[in-house]
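Everything below concerns the one structure shown next.
There are 2 protein chains.
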Amino acid sequence: MLDFRKHINVSDDFFVVRNLTGSILEGVGVAYLVPALLVWAYPDEIKYVPYFALPGMASILFGAWLSRHSSKIEDVNLRQAMVAAAFTWLLASLVSVVPFMKIAHMPLLDSYFECMSAWTGTGLTMMSNLQSYPKMLLFWRAWMQWLGGIGIVLVALTVLIRPGVAAARLYRAEARSERILPNLVNTAKVIFEIYLVLTLVGVYLYYINGMGLFDALTHSMTGLGTGGMSTHDESIGFFHSPAINAVTIFLMIMGAVNFTVHYRVFKNRSLKPFFADIQVRYMFFFLIPAVSLIAYSLVQVGDSLANALQGAVFHAVSAISCTGFQISDLSKYPEVGKFLLAVLMVIGGGAGSTAGGIKLIRITLMYESLKWTIESAILPKGAVIKRKVGNYVFSEEDIQEVMSFTMTYVAFLLAGVLYTMLRVHANLADALFEVASAQGNVGLSVGITSPAMPADLKFVYILLMWIGRLEIFSTLVFIISVFFLLPGGLRR
Amino acid sequence: MLDFRKHINVSDDFFVVRNLTGSILEGVGVAYLVPALLVWAYPDEIKYVPYFALPGMASILFGAWLSRHSSKIEDVNLRQAMVAAAFTWLLASLVSVVPFMKIAHMPLLDSYFECMSAWTGTGLTMMSNLQSYPKMLLFWRAWMQWLGGIGIVLVALTVLIRPGVAAARLYRAEARSERILPNLVNTAKVIFEIYLVLTLVGVYLYYINGMGLFDALTHSMTGLGTGGMSTHDESIGFFHSPAINAVTIFLMIMGAVNFTVHYRVFKNRSLKPFFADIQVRYMFFFLIPAVSLIAYSLVQVGDSLANALQGAVFHAVSAISCTGFQISDLSKYPEVGKFLLAVLMVIGGGAGSTAGGIKLIRITLMYESLKWTIESAILPKGAVIKRKVGNYVFSEEDIQEVMSFTMTYVAFLLAGVLYTMLRVHANLADALFEVASAQGNVGLSVGITSPAMPADLKFVYILLMWIGRLEIFSTLVFIISVFFLLPGGLRR
Ligand SMILES: [K+]
Ligand SMILES: [K+]
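Chains as they are written, first to last, in my numbering: chain A, 1 to 492; chain B, 1 to 492.
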């Protein structure tokens, strides 16, 4: 195995990890207190307040104690930042299980699954008969998804899109030219404001189209956060409203667009930056043929054209944006429809958005890269090929990063599919669909995910949601740090 | 679209193409004469001789007339070499259709499919009830597969593994250190001798294990050439002989090993170079878990352990070596078994062998590349990472070539799967299996390929076999040259 230890000082890490743990606990603790505020609107739910207030307070106090020296952290290196991001999602999910265990009486594994699914914006669920649960618990899921969504946007723009990485070059360049992101605190603030405004727009649009206020709030939060958790078992299909479907499609697309694009749209009061964005263009480039073919496959099995088109558009957008809202039972879709949705889920939304998957910028770069390869084979030696996408020039290193990420993503996907097929005798289309959904943080399901699934498969899906959300490398670095560095560090 | 024309002189190309066409016609013409010689062993087949002798003579004469100036070709550039390789397989297949049309009374499209399948070493077939056909026709298929096998090895070591390409670095280095390949003519000669000797070994082993001489000859040729065409509908399963299965496994593995490795084994009279070869090692690295899981999945559906293991070993080797021999009906395999075999077919055999697929060296490099990426994320800046596989150091450019090839391969695979599913309502597992088989030049089938399949799907599979055999880029360069350069050239 690789010999990392001689390069790395593990005692530095312990200090960073302790402070980080403290900050996560404080953050989740504060988050815990918000659902309890719903008691003003729903006074009969006062009996559930302790299940939020107590873990919230405990988490804040313990967190503050752990991170009492946090002012001393000055310089966090890339490896530490990656490990921290991976650890944040693991720990936040663990801290958040209390209401599921105490109110819904779910086992620890199922509760952890639910929390990981919520924090990663996946939306696969261990719960059914959702309307029977208190509003406070349903809000808790939506709230985690909303926070997880803004969280990953900030992590993506700071840690995941790291220096020397293709997506970084693209978005740093844009950010700098706009002078919106001179430092991290400002970045966070501007993006958070945009996120909040868009959420309120969603609540308003849902509300005027006939949703109740609670449903409007939760679905706007999980729609824009591309989380996809609903307050109804039938998801958006519960409302049987084309207008609500349309609002949802709008929110899902907004959530899957890089947030620096939103900034420019807001600032310039023009839709131009939206349609000029290369990731937005490619999203539609993939959606149009996929929607046509899915609709065609639905008509082939006897659906009406209008129904087929509505289902195809909604579910294709839900898949590529990695939201996971449904308006009908996807387990009844023909295999080719499942396959096409799975491909969209693997592609995913824009880098720098709340969406998951491989991300559109990477797929775009690979597609362009193929053209460059053919050009270089055809043109005589010495002919100069410009590796440009839009206004940005990419190096071979950028392209390599993209491809190596994609390879790793596909390798995990295949391993997950194989495991699912061997474990629950699912056929290939269903296994691919469900695994693409978990790893891409989508949440669409053909029914493999349920409380009845084997415990080891739940564990595998938790792992897939986690690595998918952190774009794999962070989690691999985390795992290697824990298993190879920690033991050595402790022995010193 | 790209503007190639200002860089390329098309009139040069016409000259090269005409001479090349002549050479191909001469070569296929000579090949045509060989099956006719079988008349000595089977005198009652004399009535079929004209169907080989006449197209053979015509082809030789027309070819000689076309290439009468061939001595003038001095310098062929990379693009021309790639186009030539792609064109060779297209034209050779077209010239070879006569016996199928005249003896088997097959339509042109089916005959062309059969010839493309034979020349590319795929083995998918439009024919059934094979034993009813004359020996001469059955030999013609095997003979094309054997020639196609040695042909692709030579093309791979000269054109496909082009300068600056990872696999080239590896095998040029080996070749040079062995001093076996100072020039192209010597390369061809040494490799041809090894190929011939191994074929004769195969004939002998089949014969002493109870095969008739004709079957021993044809199966040794299509086994070592990893073509997989049989003289029986049940393929190797016809013989019901564990010994013959074992000989076949031996031949398939030999055919899937880089031929410079064979050279070293022969020269050093030692098996060390075989087991030291990185591609051989990775072949077993993939085979062992795949065989275990396929056998497990067969036992799960009620097979005996002995039967399951025998089927798993045989078909896994047949898949990864891209041979396509079967010993049982794969359409009855559980989906997870089909999926695993499809993955092996996509991986494929060794570069510089007769096998197809992505090739083991590329998969190896991608796997190692992932490790390097993680190392570079974990180690502090400035730490030097050695990009070594075995004794060879790879550049980022090498890795990029490998990944961009793999991406393109997978893109074509997905397009083929989608087309198959939409066109014949196959489920995902079957469509993936059949397309992986066609594009990987394997020839295993779950039954989608048959004379009854739609004409457009036959055309798609012909295309997939062709691009798979030429490692895609050659064929893309060919297509671009024909559609974008030729019209401009003609207009001048
Ligand atoms: K989701
Ligand atoms: K084959």
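In this text, a Cβ means the ideal position worked out from N, Cα and C, and glycines have one as well.
Taking all protein chains shown into account, decide if residue i is buried (16 or more other Cβ within 10 angstroms of its Cβ) or exposed.
i               : result
M211 of chain B : buried
D44 of chain B  : exposed
Q400 of chain B : buried
H315 of chain A : buried
W466 of chain B : buried
P334 of chain B : buried
H240 of chain B : exposed
D215 of chain A : buried
M57 of chain A  : exposed
D110 of chain A : buried
H105 of chain A : exposed
Does any residue of chain B bring its CB to less than 8 Å from the CB of residue i?
i               : result
L157 of chain A : no
F239 of chain A : no
E435 of chain A : For clarity, residue 435 of chain A is Val in the given sequence; the question names Glu instead. No, because no Cβ of chain B sits closer than 8 Å to the Cβ of V435 of chain A.
R169 of chain A : Low confidence applies to R169 of chain A: its pLDDT is 48, below 50, so where it sits in the model is not reliable enough to give any reading.
T218 of chain A : no
T354 of chain A : no
Helix, strand or coil, according to DSSP, for residue i in the structure here?
i               : result
V389 of chain A : strand
Y42 of chain A  : coil
V97 of chain A  : coil
V424 of chain B : helix
S331 of chain B : helix
N307 of chain A : helix
D277 of chain B : coil
I374 of chain B : helix
Y206 of chain B : helix
C322 of chain A : coil
G348 of chain A : coil
Can you give me the C-alpha to C-alpha distance between residue i and residue j, rounded to a whole angstrom?
i               : j               : result
I361 of chain B : F14 of chain B  : 35 Å
G255 of chain A : N441 of chain A : 13 Å
S353 of chain B : V153 of chain B : 5 Å
A246 of chain B : L157 of chain A : 56 Å
V190 of chain A : G349 of chain A : 21 Å
I347 of chain B : I194 of chain A : 46 Å
D277 of chain A : F284 of chain A : 11 Å
F526 of chain A : F52 of chain A  : Because chain A here runs from 1 to 492, residue 526 of chain A falls outside it and cannot be looked at.
C322 of chain B : Y204 of chain A : 59 Å
S369 of chain A : V97 of chain A  : 44 Å
D398 of chain A : I150 of chain B : 38 Å
T226 of chain A : L147 of chain A : 11 Å
P50 of chain A  : Y133 of chain A : 16 Å
D329 of chain A : L124 of chain A : 14 Å
L379 of chain A : F473 of chain B : 13 Å
A342 of chain A : G357 of chain A : 10 Å
G302 of chain A : K332 of chain A : 12 Å
Y48 of chain A  : W89 of chain A  : 25 Å
G63 of chain B  : L38 of chain B  : 25 Å
With a cut-off of 8 Å, does the C-beta of residue i fall near any C-beta of chain A?
i               : result
E335 of chain B : yes
Q80 of chain B  : no
S404 of chain B : yes
Q439 of chain B : no
S331 of chain B : no
L428 of chain B : yes
V28 of chain B  : no
V477 of chain B : yes
CB of residue i to nearest heavy atom of ligand 2: below 7 Å?
i               : result
C322 of chain B : yes
G443 of chain B : yes
May I ask whether a heavy atom of ligand 1 can be found less than 7 Å away from the beta carbon of residue i?
i               : result
V39 of chain A  : no
T231 of chain A : no
T122 of chain A : yes
G227 of chain A : yes
Residues of chain C with CB closer than 7 Å to the CB of residue i, please, in chain order.
i               : result
M421 of chain A : Protein chains in the displayed structure are A and B, and chain C is not among them.
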